[in-house]
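Engineer: Residue numbers (the working numbering): 237 to 498. Note that beta-carbon positions come from the ideal geometry of N, C-alpha and C, so glycine has one too. Below: one structure in structure tokens.
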């Protein structure tokens, strides 16, 4: 079995909110390349994906319920129609966390693994210089054994991230604010759909961030708040929508998505 899997950074259930069905009954979205400035129609099934170690997906599914996405549509619809319950809010909070883990936590694991591999490479090179006749052995250990071992060590980062995120979200004072885009404006969504930042604009874990927000449709954005003061959704200004979209474009890896007109 292949050790990696092509995983969606943005779940299809969420990305379909930024898509329409074409004549072949396929969900399609507009993909924008942020560097080239180009755009094209793409099937939702084949975008916002990244090769990640299969072990990470298995761990995420074991540690975090895979039921979240099954309830997401109902929860998003409840917000759109102003008839949500606490259960719907809980699903939306879990949906935010799931996407943050897929992008931010997976990247943390990858960075930690790369750092360990670089340190091991220095040791390997020194050993090969002293024992050139064993070069094949050292290369084998580096390419085969070290990669698996460093991943196993780095996975601890993901376990801790999931634990802290779950503990944070279950606090009764953590709620949601809901914002609607005004007439003539829509939100976009990037490959890193949850924007989680410090006041200085740097990416931060969900537990430390001053702002955590994610668009869930072209017209709705949800933000995590400690003791939210708003008892009903608010309509954002065009400038605020532009600011949200700029953050999506800034933090995405390569592309972002918008809903095609019918």
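1) What residue range is occupied by the uninterrupted beta strand (DSSP E) comprising residue 500?
2) For residue 464, which of 421, 498, 410 and 368 has the nearest alpha-carbon?
3) Grab the span of the beta strand (DSSP E) containing residue 244 for me, first residue to last.
4) Give me the DSSP bridge partner(s) of residue 269.
5) State the Cα-Cα distance for the pair residue 447 and residue 459, rounded to the nearest angstrom.
6) Just to confirm before moving on: does the CB-CB distance between residue 430 and residue 390 stay below 8 Å?
7) How is residue 261 classed by DSSP in three states: helix, strand or coil?
8) Compare the Cα-Cα distances from residue 490 to each of 378, 274 and 255 and report the closest residue.
9) In three-state DSSP terms, what is residue 401?
10) Which residues mark the beginning and the end of the alpha helix (DSSP H) in which residue 288 is found?
11) Tell me whether residue 397 is buried or exposed, calling it buried when 16 or more other Cβ atoms sit within 10 Å of its Cβ.
12) State the Cα-Cα distance for the pair residue 453 and residue 394, rounded to the nearest angstrom.
13) Within 10 Å of its beta-carbon, does residue 412 have 16 or more other beta-carbons around it, so buried, or fewer, so exposed?
14) Can you tell which of 471, 427 and 445 has its C-alpha closest to the C-alpha of residue 487?
15) Spatial neighbours of residue 325 within its chain, please: C-beta separation below 6 Å, excluding the five flanking residues on both sides.
16) Check the DSSP bridge columns for residue 392 and list the partner residues they point to.
17) Considering only the beta carbon of each residue, do residue 482 and residue 492 sit closer than 8 Å?
18) Residue 422 and residue 455: beta carbons closer than 8 Å?
19) Taking residue 378 as part of the beta strand (DSSP E), name the residues at either end of that continuous run.
20) Which class does residue 413 belong to by DSSP, given the choice of helix, strand or coil?
21) Is residue 387 closer than 8 Å to residue 286 when the C-beta atoms are compared?
22) Checking the sheet assignment: what are the DSSP bridge partners for residue 451?
23) Indicate the three-state DSSP secondary structure (helix, strand or coil) for residue 256 in the structure shown.
24) Going along the chain, which residues of its own chain have a beta-carbon closer than 6 Å to the beta-carbon of residue 374, five neighbours each way excluded?
25) DSSP on residue 321, reduced to helix/strand/coil?
26) Going by C-alpha to C-alpha distance, which of 470, 468 and 443 sits closest to residue 340?
27) Closer than 7 Å to a non-hydrogen atom of the ligand GDP - does that hold for the CB of residue 319?
28) Relative to the C-alpha of residue 378, which residue among 366, 369 and 358 is closest?
Structural biologist: Checking against the coordinates, here is how it stands:
1) Here the chain comprises residues numbered 237 to 498, so residue 500 is not present and cannot be evaluated.
2) It is 410 whose Cα lies nearest to the Cα of residue 464.
3) Element bounds for residue 244: 240 to 244.
4) Under DSSP, residue 269 forms a beta bridge with 491.
5) Their Cα atoms are separated by approximately 7 Å.
6) Cβ atoms of residue 430 and residue 390: not closer than 8 Å.
7) In this structure, residue 261 counts as coil in the three-state DSSP scheme.
8) The candidate whose alpha carbon is nearest that of residue 490 is 274.
9) Residue 401: helix per DSSP, three-state reduction.
10) Going by DSSP, residue 288 is part of no alpha helix (DSSP H) but of the beta strand (DSSP E) stretching over 285 to 289.
11) Its Cβ being crowded by 16 or more others within 10 Å, residue 397 is buried.
12) Straight through space, the alpha carbons of residue 394 and residue 453 are spaced by roughly 28 Å.
13) Looking at its Cβ environment, which holds 16 or more other Cβ atoms inside 10 Å, residue 412 is buried.
14) Among 471, 427 and 445, the Cα nearest to that of residue 487 belongs to 427.
15) Residues of the same chain with a CB within less than 6 Å of the CB of residue 325, apart from the 5 flanking positions on each side, are 412 in chain order.
16) Residue 392 is not bridged to any residue.
17) Contact: no.
18) Pairing residue 422 with residue 455 gives a Cβ-Cβ distance under 8 Å.
19) From DSSP, residue 378 is part of no beta strand (DSSP E); its letter is neither H nor E.
20) Correct three-state label for residue 413: strand.
21) Contact: no.
22) BP columns for residue 451 point to 457.
23) Under the three-state reduction of DSSP, residue 256 is assigned to strand.
24) Excluding residues within five positions, the ones whose Cβ falls inside 6 Å are 360, 363 and 364.
25) In the structure shown, residue 321 falls within a coil segment according to DSSP collapsed to helix, strand and coil.
26) Of the listed residues, the one whose Cα sits closest to residue 340 is 443.
27) Within the structure as shown, the ligand GDP is missing, as the structure has no ligands at all.
28) Of 366, 369 and 358, the residue nearest in Cα terms is 358.
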